[in-house]
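Asker: Residue numbers (the numbering used here), protein chains in the order written: chain E, 2 to 145; chain C, 2 to 145. Backbone N, C-alpha and C fix where the C-beta goes; we use that ideal spot for every residue, glycine too.
2 protein chains.
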Amino acid sequence: MKTLTADANKTHRKILKKTKQKEAILRVLKNTMSHPTAAWIYDEVRKELPHISLGTVYRNLRLLRAQGEISELEIIGDCRRFDGDTSNHYHGRCDRCGQVVNIDESMSKRLDWGISRETDFTISEYRLEFHGLCRDCRKLETKE
Amino acid sequence: MKTLTADANKTHRKILKKTKQKEAILRVLKNTMSHPTAAWIYDEVRKELPHISLGTVYRNLRLLRAQGEISELEIIGDCRRFDGDTSNHYHGRCDRCGQVVNIDESMSKRLDWGISRETDFTISEYRLEFHGLCRDCRKLETKE
DNA sequence: CTACTTGCAAAATATTTGCGTTATT
DNA sequence: AATAACGCAAATATTTTGCAAGTAG
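#1: Kindly list, in the order they appear in chain E, the residues whose Cβ is closer than 9 Å to that of ARG73/C.
#2: Alpha carbon to alpha carbon, what distance is there between GLN68/C and GLU24/C?
#3: Quick check: the Cα distance between ASN61/E and CYS80/C, rounded to an integer number of angstroms?
#4: So which of ILE76/E, GLU75/E and LEU65/E has the shortest CA-CA distance to LYS18/E?
#5: Check for me: the alpha helix (DSSP H) holding GLU24/C runs from which residue to which?
#6: Could you tell me which residues DSSP puts in a beta bridge with ARG82/E?
#7: Any idea which residues DSSP pairs SER72/E with across the strands?
#8: Closest to GLU75/E by CA distance: which of ARG14/E, VAL58/E, THR38/E and VAL46/E is it?
#9: So, using beta-carbon positions, are ASP84/C and GLU73/C closer together than 9 Å?
#10: Check LYS15/C in the structure and name its three-state DSSP category.
#11: Consider the Cβ of LEU30/E: report whether some Cβ of chain C lies at a distance smaller than 9 Å.
#12: What residue range does the alpha helix (DSSP H) around LEU64/E cover?
#13: By the 10 Å Cβ neighbour count, where 16 or more other Cβ atoms means buried, how is ILE26/C classified, buried or exposed?
#14: Can you give me the C-alpha to C-alpha distance between ASP44/C and ARG63/E, rounded to a whole angstrom?
#15: Would you check if the distance between the CB atom of LEU50/E and the CB atom of LYS31/E is smaller than 9 Å?
#16: Can you look up GLU45/E in the DSSP assignment and give me helix, strand or coil?
#17: Just to confirm my understanding: we take LEU55/C, look at its own chain, exclude 5 residues before and 5 after, and list those with CB closer than 8 Å. What are they?
#18: Using the Cβ count rule (16 or more neighbours within 10 Å means buried), how would you classify ARG14/C?
#19: Decide if ILE16/C is buried, meaning its Cβ has at least 16 other Cβ atoms within 10 Å, or exposed.
#20: By the 10 Å Cβ neighbour count, where 16 or more other Cβ atoms means buried, how is HIS52/E classified, buried or exposed?
#21: Just the Cα atoms here: how many angstroms apart are LYS48/E and MET34/C?
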């Protein structure tokens with residue numbers, strides 16, 4: 002029985018090299034709370050490395066994600082968004098302005114489902130996204 | 002103070018017309034559990050309406066979503082996925098095969114956070130996605 | 001009739017990839 | 001030296017849109 006993906010992980014793993022491009026991308030992502038897109042990261046990194054290419058940004062985002070150094074958000078929209086904070090925290094997305102905000106991490110403590118004991122699905126991770134209105138937009142809403 | 006999006010919703014709302022294309026798309030989506038992509042829906046509807054265009058599928062998926070008749074999944078992947086079941090249920094995505102499964106709806110009863118009272122975010126909806134292994138893939142995993 | 005919707009094709013976005021070169025180990 | 005990673009440009013998706021013609025209300 003062939004199990005290609007698993008085998009690929011086991012046999013000869015690639016030796017990852019450290020490059021200034023990868024480091025710059027990771028630094029940009031760790032230093033923002035803005036859940037940026039690949040294009041935004043590209044613009045930001047270009048201030049430091051003007052000749053970096055968008056392809057390199059995408060390649061490194063994929064590498065970094067595979068290594069678990071960054072995570073990718075499950076957000077409906079035009080393009081993917083990434084997060085330098087890989088800790089277990091949740092996101093709120095404002096239905097009006099589209100802003101993605103962090104939901105306080107203490108909330109995570111209440112998540113203890115034991116679902117894996119009750120369903121036929123073994124959970125390794127869960128991602129929770131709240132939809133609603135952020136503080137500023139709620140103010141606008143009530144004024145109308 | 003201008004609040005464009007809200008105004009747009011209030012002033013002259015468009016009268017939606019019933020078309021066979023829209024009905025076919027909705028029917029396909031209501032009759033599958035597969036959380037399909039726009040392209041899959043297109044192929045499926047074309048069996049019945051061979052001349053429908055992909056643009057029409059996309060246009061109607063957006064309309065139906067705006068009306069709340071279907072929902073869109075927050076899934077990391079190549080393209081968007083839709084769901085004809087708009088009830089509050091959760092999804093599990095298999096890390097190995099990519100399959101999206103439904104998590105039993107009874108689980109929903111346990112979600113009573115009261116987060117909106119504790120945070121500065123007014124929640125209208127939440128979406129929860131579990132990541133892990135589905136039954137079949139877990140069997141493969143343990144055999145290795 | 002009016003104006004929403006369609007099919008088609010072209011455009012706009014977003015992401016990946018081939019290739020010859022550069023840089024890291 | 002070997003090979004991972006780069007920059008660039010071309011190739012792939014994926015999704016949106018302009019427009020003339022069709023159709024529901």
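Answerer: Inspection of the coordinates gives the following:
#1: Note on residue identity: the sequence assigns Glu, not Arg, to residue 73/C. For GLU73/C, the C-beta contacts it makes with chain E under 9 Å involve ILE77, in order along the chain.
#2: Each residue's Cα considered, the two are about 14 Å apart.
#3: Cα-Cα distance, rounded: 20 Å.
#4: For the residues ILE76/E, GLU75/E and LEU65/E, the minimum Cα distance to LYS18/E belongs to LEU65/E.
#5: Looking at the DSSP string, the run of the alpha helix (DSSP H) that includes GLU24/C is 21-31.
#6: Partner residues in the beta bridge of ARG82/E, as assigned by DSSP, are THR38/E.
#7: For SER72/E, which the question treats as bridged, DSSP gives the partners ASP84/E.
#8: Selected option, being the one with the closest Cα: THR38/E.
#9: Yes, the Cβ-Cβ distance between ASP84/C and GLU73/C is below 9 Å.
#10: Looking at LYS15/C - three-state DSSP - the assignment turns out to be coil, as it is neither helix nor strand.
#11: When Cβ-Cβ separations below 9 Å define contact, LEU30/E makes no contact with chain C.
#12: Note, LEU64/E: alpha helix (DSSP H), 55-67.
#13: By the neighbour-count rule (16 or more Cβ atoms within 10 Å), ILE26/C is buried.
#14: Using only the alpha carbons, I get a separation of about 30 Å.
#15: LYS31/E is positioned such that its CB atom lies no closer than 9 Å to that of LEU50/E.
#16: When secondary structure is reduced to three states using DSSP, GLU45/E falls in the helix class.
#17: ALA39, ALA40 and TYR43.
#18: It is exposed - the Cβ of ARG14/C has fewer than 16 other Cβ atoms within 10 Å.
#19: Its Cβ having fewer than 16 others within 10 Å, ILE16/C is exposed.
#20: That one is exposed.
#21: Computed Cα separation, rounded: 47 Å.
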